[in-house]
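**Q** Can you read through this structure? Questions will come right after.
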Amino acid sequence: MRRILYTIGFSLVFGNSFSCVKSSSEDPLAALLTSPPVITSVTPQIGTPAQNNANATYSATEVIIKGENFGVDPVVRFNDLVATITANFGTELYTKVPDGAFSGYVTVSKSGGSCLPNSKTGVNCTGTEFFVDCYAVTNKQYGPEIELKQGQGISVEYDGNETKAFRTDTLLTERNLTVGCDSVVTVRVFSRSCQATDYVLQNNPIIPFPAGVATQFYITAESVTCSFVL
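For the sequence shown, the residue numbers in UniProt numbering are 1 to 230.
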């Protein structure tokens with residue numbers, strides 16, 4: 001009887017030990033497969049889609065995403081736009097800002113995962129903010145951007161044939177930019193994805209700006225003081 005009890009006890013003890021060893025060996029792999037990816041950095045966090053405007057061409061910004069648990073077949077999105085991954089080194093993903101991208105989120109989802117629309121969360125998804133800036137890629141060639149706020153009017157002096165860079169605040173409603181100059185002006189207005197519309201050699205143009213975004217634009221004029229009202 002003692003031998004039978006000893007055998008049963010031995011089996012229970014070692015059976016539990018083997019079970020623990022098996023479970024502990026599987027848990028890290030299970031966690032790796034089911035846990036979401038993690039982004040630790042995005043460099044740079046400000047960039048531009050490819051710009052091919054009338055007199056300026058700029059390549060799409062290359063972006064390096066660092067983190068862990070990206071998996072073997074991750075998907076990178078800028079908001080809802082899928083970006084091409086040019087290299088995957090496991091903890092580093094190389095990509096470029098896709099055409100049509102605008103400020104919002106850059107996300108990484110693992111194979112089989114998904115991110116909610118215009119969000120940095122979802123199933124097996126992670127993300128962080130990313131900003132599209134149409135002017136930064138020029139190395140601020142026209143000097144600091146001048147901010148024009150909705151409901152505001154400003155006067156700007158031009159010395160010779162000069163171009164100045166501007167941006168609005170985020171407009172709550174659609175607004176018109178009213179330009180008042182004693183000379184013709186050329187205005188270049190960027191969409192939120194950096195596609196330009198040019199108003200060439202205009203007399204006191206009135207230009208519509210969309211709601212919900214901050215609009216970037218250039219104004220070129222000759223040796224005058226111009227008024228701008230938004």
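Virtual Cβ for every residue (Gly too), placed ideally from N, Cα, C.
(1) Check whether the stretch 197 to 208 and the stretch 178 to 189 are in contact - that is, three or more C-beta pairs closer than 8 Å.
(2) Can you give the Cα-Cα distance for Gln150 and Arg175, rounded to whole angstroms?
(3) Is Gln152 buried or exposed, if buried means 16 or more other CB atoms sit within 10 Å of its CB?
(4) Mapping the DSSP letters down to three states, classify Ala101 as helix, strand or coil.
(5) DSSP three-state call for Ala54: helix, strand or coil?
(6) Please confirm whether Asn88 and Pro98 have their CB atoms less than 9 Å apart.
(7) Between Glu145 and Ala221, is the Cβ-Cβ spacing less than 9 Å?
(8) For Pro44, which option in Tyr218, Lys96, Phe217 has the closest C-alpha, if you only look at C-alpha atoms?
(9) Per DSSP, what kind of secondary structure is Thr173 in: helix, strand or coil?
(10) Measuring straight from C-alpha to C-alpha, what distance separates Ser35 and Val82?
(11) Put Val224 into one of helix, strand or coil per three-state DSSP.
(12) What do you reckon, are the CB atoms on Val229 and Leu171 nearer than 9 Å?
(13) Let me know the secondary structure DSSP gives Thr95 once reduced to three states.
(14) May I ask which residues mark the beginning and end of the beta strand (DSSP E) holding Thr126?
(15) Who are the Cβ neighbours of Ser111 in its own chain at under 6 Å, not counting the five residues just before and after it?
**A** Taking the coordinates as given:
(1) yes
(2) 7 Å
(3) exposed
(4) Secondary structure at Ala101: coil, using DSSP grouped into helix, strand and coil.
(5) coil
(6) no
(7) No; because the gap between Cβ atoms is not below 9 Å, this pair is not in contact.
(8) With distances taken between Cα atoms, Pro44 lies closest to Lys96.
(9) coil
(10) 22 Å
(11) coil
(12) Cβ atoms of Val229 and Leu171: not closer than 9 Å.
(13) strand
(14) Element bounds for Thr126: 122 to 132.
(15) Around Ser111: Gly71, Asp73.
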